[in-house]
Ligand SMILES: [Zn+2]
Ligand SMILES: [Zn+2]
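Chains as they are written, first to last, in the numbering used here: chain X, 1 to 448; chain L, 1001 to 1189.
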């Protein structure tokens, strides 16, 4: 589990304590309350708090005095002073003496949320420095990355080493290999983890939609734009933006993207105000970007800006030894979400699963297991529950062309796109193979 | 799911609600939380909760009232209102549920387009309301805010925020809620 940010509320009014307690608990903080300054100080002797939210006016010792004492305890807690309208002047005084900020009661929910985000970002900067000192040795939040094969362990090592930095990352891999999961792992293990990771699937959006999705738009920028809308770059402020299928974006978007990466500022569609955003960018693609650059379809300058670190996720057929672990994980996942008892899998079924080459990768395996649980006997997964088995007896739902395309793709992948070797295996000449490749739009996976 | 027959979620409405709303919400709740929802029309006199200085209604007091009057046969009770709600420390709330508690409140007041000088839009109002209800129920089951931009558990402090998220939960919140509900099931029954 992620280490939660700890927060102490100090207020003499019970209703204030209760309301704030509930609000911050729901926001994911580790929260504690104190009725007065004395109680707060004695709590601080026992433990540290990242943030202290203290009322300025309390009977006994007031918030100002408490702030001084906290400072003298050498605690590096961030102190935020809560004040009523009448006491703003005293609050300003508190700022002069080193309080982090003040907020006037009652709070606007959006102000409160912003104030806290900023404080959290201060803390994460601090932990970033600490992390540099004692090097992260274990990865957090990677429950979804399953595999003990050498190939996957190498990926995890790369994730671990790149996560703490601010470098742009390109994740390459065939579709279904779980590129977004790797991006999440990088984000979750970076100092940016307290801020959002925002994902955009570029391939699914037209140029205009992508533009407004990424940069946002002003009310009335186009028909149907009823509200001002924050774009994904704005939402990712402080965090990470993940652009999937980056190889599909238009030349115009490539220019705009390059500009945003250089200046970290942009303008909403239909707007004229420069908006700043501090984000890290992670991209993913199943295309060979280098090849797209060579063909003039992808800007070279953008390519180098994005491709500071490249992580390649191996296709499932290169790590078949991970299949038992993956199967186990998916059985657990689906049986739990379908509220069924956990079922087992026969050895012979596992063996069959290991004999397949998964053009759709982990996602294909996942779908297979889900389906097998649904159609199966509720106790164990048998070979007949797998679509693999069906295919050998019943291929009526696939055309000859589909089969040919798949088969050629498999052979090409197996021989790492060595055309001569593949042609020999397929018993066709090289020209025929090239024609088939063009006909079916087959592309070789990106290599790093 | 078999426990759905045992306990239900109660939604107390102030006036009659349209059929479509009932049906869609019931489906959402069943799908996400696995419980049946029961609707009850109740005409509460809200005057007791009016704060003349703030010209708003005190959400904390309404929650206490619901807590005292709610029947234990319901897993969760959610009150739906059309007045402007506040809690003492905040200027307004869209809704509020006791974290891991069994009561909550939601108001349509700040979800209406008219509130922001825009044209009335019943469909949009319903979509917002649906998300706020699912969100607050999530808190009552013990879910905290999520950073996934499309997840219904993302925190929304203004109304456009609500429009940008989905009705559904992201994978990790969904995993969590399944675990929480399974635990409830084994500990309560
Ligand atoms: Zn919430
Ligand atoms: Zn979520």
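Glycine included, every Cβ here is placed at the ideal spot set by N, Cα and C.
When the options are compared against residue i, the one with the closest alpha-carbon
i, options, result
"residue 152/X", "436/X, 375/X, 315/X and 367/X", "315/X"
"residue 1076/L", "1054/L, 1140/L, 1027/L and 1108/L", "1140/L"
"residue 450/X", "193/X, 87/X, 192/X and 211/X", "It is not possible to answer for residue 450/X, since the shown part of chain X is limited to 1 through 448."
"residue 1190/L", "1120/L, 1049/L and 1054/L", "Residue 1190/L cannot be examined here, being either before or after the span of chain L that is shown, 1001 to 1189."
"residue 239/X", "218/X, 194/X, 56/X and 357/X", "194/X"
"residue 1008/L", "1036/L, 1025/L and 1015/L", "1036/L"
"residue 1074/L", "1047/L, 1102/L and 1088/L", "1102/L"
"residue 46/X", "57/X, 73/X and 67/X", "73/X"
"residue 380/X", "257/X, 75/X and 328/X", "328/X"
"residue 19/X", "1092/L, 1078/L and 1143/L", "1092/L"
"residue 117/X", "192/X, 56/X and 57/X", "192/X"
"residue 284/X", "271/X, 266/X, 264/X and 308/X", "308/X"
"residue 366/X", "387/X, 39/X, 440/X and 24/X", "387/X"
"residue 336/X", "1131/L, 1122/L and 1179/L", "1179/L"
Status (buried if at least 16 other CB within 10 Å, exposed otherwise) for residue i
i, result
"residue 106/X", "buried"
"residue 1115/L", "exposed"
"residue 1/X", "Any answer about residue 1/X is weak, because its pLDDT of 35 lies below 50 and its placement is not dependable; what the coordinates show is given next. With fewer than 16 Cβ atoms within 10 Å of its Cβ, residue 1/X is classed as exposed."
"residue 1173/L", "buried"
"residue 396/X", "Low confidence applies to residue 396/X: its pLDDT is 47, below 50, so where it sits in the model is not reliable, and the reading given next is rough at best. With fewer than 16 Cβ atoms within 10 Å of its Cβ, residue 396/X is classed as exposed."
"residue 279/X", "buried"
"residue 374/X", "exposed"
"residue 419/X", "exposed"
"residue 137/X", "The predicted model places residue 137/X with a pLDDT of 40, which falls under 50 and marks its position as unreliable, so this point remains unresolved."
"residue 1042/L", "exposed"
"residue 84/X", "exposed"
"residue 188/X", "buried"
"residue 209/X", "exposed"
"residue 362/X", "buried"
"residue 222/X", "exposed"
"residue 94/X", "buried"
"residue 253/X", "buried"
"residue 295/X", "exposed"
Distance between beta carbons of residue j and residue i, contact taken as under 8 angstroms
i, j, result
"residue 1085/L", "residue 1117/L", "Wrong, their Cβ atoms sit about 21 angstroms apart, outside the cutoff."
"residue 1067/L", "residue 26/X", "About 17 angstroms; that fails the 8 angstroms criterion."
"residue 214/X", "residue 229/X", "Wrong, their Cβ atoms sit about 11 angstroms apart, outside the cutoff."
"residue 324/X", "residue 349/X", "The Cβ separation is near 11 angstroms, so there is no contact."
"residue 55/X", "residue 11/X", "4 angstroms"
"residue 202/X", "residue 248/X", "6 angstroms"
"residue 422/X", "residue 433/X", "6 angstroms"
Contacts of residue i in chain C (Cβ-Cβ under 7 angstroms)
i, result
"residue 28/X", "In summary, chain C is missing from the structure at hand, where the protein chains are X and L."
Pair within 8 angstroms by beta-carbon distance, residue i and residue j
i, j, result
"residue 1126/L", "residue 1028/L", "no"
"residue 376/X", "residue 286/X", "no"
"residue 237/X", "residue 277/X", "yes"
"residue 6/X", "residue 50/X", "yes"
"residue 403/X", "residue 442/X", "no"
"residue 281/X", "residue 241/X", "yes"
"residue 110/X", "residue 1158/L", "yes"
"residue 37/X", "residue 8/X", "no"
"residue 1032/L", "residue 1169/L", "yes"
"residue 103/X", "residue 70/X", "no"
"residue 162/X", "residue 155/X", "no"
"residue 311/X", "residue 171/X", "yes"
"residue 322/X", "residue 148/X", "yes"
"residue 1063/L", "residue 1089/L", "no"
"residue 1104/L", "residue 1129/L", "no"
"residue 331/X", "residue 369/X", "yes"
"residue 359/X", "residue 406/X", "yes"
"residue 68/X", "residue 30/X", "no"
"residue 1106/L", "residue 1095/L", "yes"
Residues in the region 233–259 of chain X having any Cβ partner in chain L nearer than 9 angstroms: Here the close residues are 235, 236 and 239.
Any C-beta of chain X within less than 9 angstroms: which residues of the region 1071–1101 of chain L qualify? Taken in chain order, the members of the region 1071–1101 of chain L whose beta-carbon sits within less than 9 angstroms of a beta-carbon on chain X are 1086, 1087, 1088, 1089, 1090, 1091, 1092, 1093, 1094, 1096, 1097, 1098, 1099, 1100 and 1101.
Output needed in chain order: residues of the region 106–120 of chain X with a Cβ under 9 angstroms from some Cβ in chain L. Taking 9 angstroms as the Cβ-Cβ cut-off against chain L, the residues of the region 106–120 of chain X that qualify are 106, 107, 108, 109, 110, 111, 112, 113 and 114.
Members of the region 13–26 of chain X near chain L, C-beta cut-off 7 angstroms: Within the region 13–26 of chain X, the qualifying residues are 15, 16, 19, 20, 22, 25 and 26.
Residues, ordered as in the chain, of the region 1042–1074 of chain L that lie near chain X by beta-carbon distance below 7 angstroms: Residues passing the 7 angstroms Cβ filter: 1060.
Chain X contacts from the region 1017–1037 of chain L (Cβ-Cβ distance under 9 angstroms): Against chain X - using a Cβ distance shorter than 9 angstroms - the residues of the region 1017–1037 of chain L are 1034.
Near-chain X residues of the region 1131–1162 of chain L (beta-carbon distance less than 7 angstroms), N- to C-terminal order: Listed in sequence order: 1139, 1144, 1145, 1147, 1149, 1155, 1157, 1158 and 1160.
Name the residues in the region 325–350 of chain X whose C-beta lies less than 7 angstroms from a C-beta of chain L; which are they? Going along the region 325–350 of chain X in chain order, one finds 336, 337 and 339 with a Cβ nearer than 7 angstroms to chain L.
Short of 9 angstroms Cβ to Cβ, which residues in the region 54–66 of chain X face chain L? For the region 54–66 of chain X, there are no residues whose beta carbon sits under 9 angstroms from a beta carbon of chain L.
For the region 396–426 of chain X, which residues have a beta carbon sitting closer than 9 angstroms to at least one beta carbon of chain L? Residues passing the 9 angstroms Cβ filter: none.
Listed in chain order, which residues of the region 1173–1184 of chain L have Cβ atoms closer than 8 angstroms to some Cβ of chain X? Against chain X - using a Cβ distance shorter than 8 angstroms - the residues of the region 1173–1184 of chain L are 1174, 1175, 1178, 1179 and 1182.
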